[in-house]
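Chemist: Structure below; questions to follow.
Residue numbers (full-length UniProt numbering): 1 to 317.
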């Protein structure tokens, strides 16, 4: 089927379309010519590195206090964001002075949690929990000056930590979000969203509006999201199975160790605690919770061990 008929070419709209086609062809030809001059491989202009880059100004900023911006506290789980729970666990693990700021204001990247350094209102802002951890690790010299065994890990152990983190955050937890947001939003809200949760941390009108939109928009958003990711096309039973395969791999690696790499907790343990606690402590029958209770008792004990060691105030609201 022709995009533009011969008659349409002489109309104003047809002329514009034809001109756009010609310009598009010329641009493609120009790109091909440039590519051929560079042996067919276009040069990448940005530097490629496996390490995040932070400005010298940011790295030179003294840290007196970290302000952690995240959702307000929730019963049973402390925070509905596993990423916030991970980050706060990291701050506790390394005794970094911090204060939690309950908010519904997302970072400029549209993420939660994020931090500000030293000043709650206008201190330097860093978003993405993994970026924050990498920044604090570099800024505070944890790699060089900390006796914790995390910083004596081998390259293979670092690689293992990275792989488990990606698996948990990009796969296992996404299936958990689907279960609680897309399929069981009403039950989730009853379990962890107390009265006044929205209006107590923002304008009353804005809080009221969010309280009405949140239970509606979250299910719609996650159903849409799952359509665009590969495992979202599986049946629900298949989703539960592949997420439990992830959990089994954690259980097998953990074995009878105290923490993932031995007797001392590491960043990986903070990450796993933040996510696994969501399954175990929210009063809902997640398929992953059922699987852990029936097949991975060592994980249940592991999560409880971490909580008792670093979250003695867990039940405080």
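By construction, the Cβ of each residue, glycine as well, lies at the ideal position given by its N, Cα and C atoms.
(1) If we ignore side chains and look at the alpha-carbon of each, how far apart do residue 229 and residue 179 end up?
(2) Taking the alpha-carbon positions, what's the residue 173 to residue 274 distance?
(3) At 4 residues or longer, what runs of the alpha helix (DSSP H) sit wholly inside the region 54-133?
(4) I'd like the list of long-range same chain contacts for residue 191, defined as Cβ closer than 7 Å, with 5 residues on each side in sequence excluded.
(5) Here's the rule I'm using: 16 or more other beta-carbon atoms within 10 Å means buried, otherwise exposed. How should residue 88 be labelled?
(6) According to DSSP, what are the bridge partners of residue 262?
(7) Buried or exposed for residue 359, going by 16 or more other Cβ atoms inside 10 Å?
(8) Can you round the beta-carbon distance between residue 113 and residue 83 to whole angstroms, since I take them to be within the 8 Å contact cut?
(9) According to DSSP, simplified to helix, strand and coil, what is residue 158?
(10) For residue 215, name the three-state secondary structure that DSSP assigns.
(11) Rounded to a whole number of angstroms, what is the C-alpha to C-alpha distance between residue 233 and residue 141?
(12) Distance check for residue 73 and residue 320, CA to CA, integer angstroms please.
(13) Compute every distance between the C-beta of residue 226 and the non-hydrogen atoms of the ligand MN, then say whether any falls below 7 Å.
(14) In this structure, does DSSP put residue 139 in helix, strand or coil?
(15) Of the residues 295, 133, 311, which one's Cα is nearest the Cα of residue 247?
(16) Whole angstroms are fine: how far does the CA of residue 166 sit from the CA of residue 240?
(17) On the DSSP letters alone, give me the boundaries of the alpha helix (DSSP H) that residue 183 sits inside.
(18) What is the DSSP secondary structure of residue 312, reduced to helix, strand or coil?
(19) Out of 94, 80, 71, 51, which one is the CA nearest neighbour of residue 269?
(20) Between 212, 278, 108, 55, which lies nearest to residue 195 when the distance is taken from Cα to Cα?
(21) At what residues does the alpha helix (DSSP H) containing residue 196 begin and finish?
Modeler: The structure says:
(1) 15 Å
(2) 10 Å
(3) 56-60, 82-93
(4) 76, 282, 283, 284
(5) buried
(6) 259
(7) The shown model of the chain, from 1 to 317, leaves out residue 359, and the question about it has no answer.
(8) 6 Å
(9) helix
(10) helix
(11) 44 Å
(12) As displayed, the chain neither begins before 1 nor continues past 317, which places residue 320 out of reach and without an answer.
(13) The ligand content of the structure shown is nil, which means the ligand MN is not present either.
(14) helix
(15) 295
(16) 18 Å
(17) No alpha helix (DSSP H) holds residue 183; DSSP gives it neither H nor E.
(18) coil
(19) 94
(20) 212
(21) It is not in any alpha helix (DSSP H) - residue 196 carries neither H nor E in the DSSP assignment.
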